[in-house]
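*Asks:* In our numbering, the protein residues as written are -8 to 565. From the three backbone atoms N, C-alpha and C, an ideal C-beta is built for every residue, glycine too. Take this structure first; my questions come after.
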Amino acid sequence: MGNTNNNSTVTDNVEAKAEPLDFIREIVANDLGSGKHASVVTRFPPEPNGYLHIGHAKSICLNFGIALENGGGVSHLRFDDTNPAKEDVEYVDAIKEDVQWLGFDWGKNIFFASDYFEKLYGFAVELIQSGKAFVCELTLDEIAAHRGTPTKPGTNSPYRDRSPGENLELFQRMRDGEFSDGTRVLRGKIDMASPNLHMRDPVLYRIRKTPHHRTGNKWCLYPMYDFTHCLSDSIEGITHSLCTLEFEVHRPLYDWVLENVAAGSHPRQIEFARLSLTYTVLSKRKLLTLVEEGRVAGWDDPRLPTISGLRRRGYTPESIRAFCKTIGMTKFNSLTDVALLEHSIRQDLNDITLRRMAVLRPLKVVITNFDEGKIEELEAANHPKNPEAGTRKVPFTREIYVERDDFMEEPPRKFFRLGPGREVRLRFAYFITCNEVIKNTAGEVTELHCTHDPETHGGNAPDGRKVKGTIHWVSASHAFEAPVRLYDRLFTAEDPSKEADGKTYLDHLNAESLEVIADAKLEPGLAKAEPGERFQFERLGYFCADTADSQPGAPVFNRTVTLRDAWAKRQKQG
Ligand code: ATP
Ligand code: MG
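In structure tokens:
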């Protein structure tokens, strides 16, 4: 990382012109350009009370991205762990894994707000000493009732005018554990008539006699988010504190705290729109409910928008970063089409995955003019556009499987696959013609009898005759059977969080979000797929060997995404 921002090269300028900076990057560039800051320091501040999701990825890409783009910049990973009741080391570990997997490195800069508890306590004492904070004995309900409304000013707490000396003593006794939960809080003494409700003597500290995942029983007094966050930013020398729009109304409080204690620096808070996705929920509380109620199989269920779920589903870090780049940064909340996320993984996997053949819903085809017992090893390209990906051998035999969907007894005009009397190409193999349809007593098709044209070896006719359809297949005697999981959207409503007609997101769960095919017929080489390995199964989509349930020699496959946007098509058809 040789380039500093002041020393930009020609290529940097060209790049800057090609891609306009978003409003946050523009502010950062100006602050570096004007010399306000010598280098940029950002932070990603998760609360360890759940797993990270795709919305967090937006924030991670922004914070770490800005540091990387500005030579010498750094981004901190800071756990905002001020609520002992909801936080857990399991979450801390998962968050670290996810940030690293996304491709970002915090280096030495990993911090915990809980490491600042002593310092924060000192800042609170400072506020008390200068008459800007007081110990209040109203209950939380009473405080809420005193707060007023946006149009009606609040009323002062009867404890507001306690002397600094009395407040200091009470605050120390709160720390010493003399009072029980909920009986006293520390409040900022600001303005009960402020039009901004967050400025009406906000609660800064509360008593919680709950052990903390890092500080154990050392503290029973915990700082609130609004007090902790700005001071943690300042302690770490953060230059730009980037957060989502709902914190815009908290910004005056962020600034008030920093202006009223002897903090080293005053970072600038800048807000951006949070990511919301169609057919998805991105609230940790809702995700936790889905997990706890067993609606999904854990935080890394491949149907969830969590980073770990997406990873298990087969998403690549590159595709998630590309998605975050595409959506950009704005100042207004909107709903992003989940198809955009699916598009970014297709783009990535199209280039990087090797092609394989798999039959999910098998229909047996007997090639009546192919010798019984004969095995022909056919050459199959691993990637249609990349010769460097090489080829593999696939066995061809008298009995094969094709997809049930690839046959219709009475095909409509635009159906170019198998039908009585029709000729199609078997990928990498031969042209075959369907001569006979075998049915069971219930009238269901159980088998097709076809003949192949030996002259079309490899899938091309020397006489130049064309077939309109090419279908995939797997040798029946060589097929490797494995479970394949097909995923659909977890919710049927476009905006499941929107509550209407007494329905909540839980009423919009898609009952068909998971389909397990117990024994799909796969080409034999797939038996050796390693957990996490990704493929395109020709014509079916991109698949990934599951990292949790695959065993050596017995992979289980997850469909990451279909090849085309089947959902949009289905919706259009109505
Ligand atoms: P909750 O779901 O309970 O509101 P949270 O999503 O805000 O929690 P945090 O752990 O506090 O969870 O988030 C860490 C950071 O990620 C914050 O800076 C937050 O603004 C950002 N973030 C969270 N959700 C999104 C989202 N959907 N889009 C963009 N950034 C997000
Ligand atoms: Mg939050």
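1) Measuring only the C-alpha atoms, how far is K200 from S66?
2) Taking 8 Å as the threshold, find out whether the stretch 252 to 262 comes into contact with the stretch 87 to 99 through three or more Cβ pairs.
3) Under the rule that 16 or more other beta-carbon atoms within 10 Å means buried, what is G285, buried or exposed?
4) Using only Cβ atoms and a threshold of 5 Å, which residues come within that distance of a heavy atom of the ligand ATP? Order them by chain position.
5) To the nearest angstrom, report how far apart D22 and P36 are at their CA atoms.
6) What's the C-alpha gap between L354 and D89?
7) Roughly how many angstroms separate the alpha carbons of V552 and E333, rounded to a whole number?
8) Restricting to Cα atoms, I'd like to know which of H220, P202, C211 and I261 is closest to H231.
9) Tell me whether the beta-carbon of C441 lies closer than 8 Å to the beta-carbon of I423.
10) Would you call the CB atoms of I336 and T297 closer than 8 Å?
11) Between A536 and A76, what straight-line distance do the alpha-carbon atoms span, to the nearest angstrom?
12) Does the structure place the stretch 240 to 250 close enough to the stretch 215 to 224 that three or more beta carbon pairs sit under 8 Å?
13) With C-beta atoms as the reference, is V356 less than 8 Å away from L439?
14) Tell me whether L131 sits in a helix, a strand or coil according to DSSP, three-state version.
15) Is the distance from the Cβ of I51 to the Cβ of L273 below 8 Å?
16) Indicate whether the contact test is met: 3 or more Cβ pairs, each with one atom in the stretch 504 to 516 and one in the stretch 463 to 476, closer than 8 Å.
17) Among H241, F419 and I15, whose alpha-carbon lies nearest the alpha-carbon of T321?
18) May I ask which residues mark the beginning and end of the alpha helix (DSSP H) holding P243?
19) Rounded to the nearest angstrom, how far is the Cβ of R294 from that of S504, given a contact under 8 Å?
20) In terms of residue numbering, what span does the alpha helix (DSSP H) encompassing N549 cover?
21) Quick check for students: name the residue ranges of the beta strand (DSSP E) that lie wholly in the stretch 307 to 369, counting only runs of 3 or more.
22) Short of 6 Å in beta carbon distance, which residues of its chain neighbour A545, apart from the five on each side in sequence? Order them along the chain.
23) Count Cβ pairs between the stretch 392 to 409 and the stretch 360 to 380 that sit closer than 8 Å; are there 3 or more?
24) Identify the continuous beta strand (DSSP E) that holds G532 and give its terminal residues.
25) Using DSSP's beta-bridge definition, name the partner residues of E472.
26) According to DSSP, simplified to helix, strand and coil, what is S299?
27) Ignore the nearest five residues each way along the sequence and tell me which others in H566's own chain have a CB closer than 7 Å to its CB.
28) Are V126 and R191 close, meaning C-beta to C-beta below 8 Å?
29) Exposed or buried, which one is E227 when buried takes at least 16 other CB atoms within 10 Å?
30) Rounded to the nearest angstrom, what separates D72 and D217 at their Cα positions?
31) Which of helix, strand or coil does DSSP assign to V83?
*Replies:* Quick look at the numbers:
1) 33 Å
2) no
3) exposed
4) P37, E38, G46, H47, K49, S50, C234, T235, R265, L266, L273, S274 and K275
5) 22 Å
6) In a straight line, the C-alpha of L354 is about 41 Å away from that of D89.
7) 7 Å
8) I261
9) yes
10) Contact: no.
11) 37 Å
12) yes
13) yes
14) helix
15) Not in contact: I51 and L273 (Cβ atoms no closer than 8 Å).
16) In short, these stretches touch, since the Cβ pair count reaches three.
17) I15
18) Looking at the DSSP string, the run of the alpha helix (DSSP H) that includes P243 is R242 to N251.
19) 5 Å
20) No alpha helix (DSSP H) contains N549, which is instead part of the beta strand (DSSP E) from F548 to V552.
21) Qualifying beta strand (DSSP E) stretches, in chain order: 345 to 347 and 353 to 358.
22) Contacts found: none.
23) They do not touch, by the three-pair rule.
24) G532 to A536
25) Paired residues: K512.
26) helix
27) Outside the displayed span of the chain (-8 to 565) sits residue 566, for which this structure offers no information.
28) no
29) buried
30) 13 Å
31) helix
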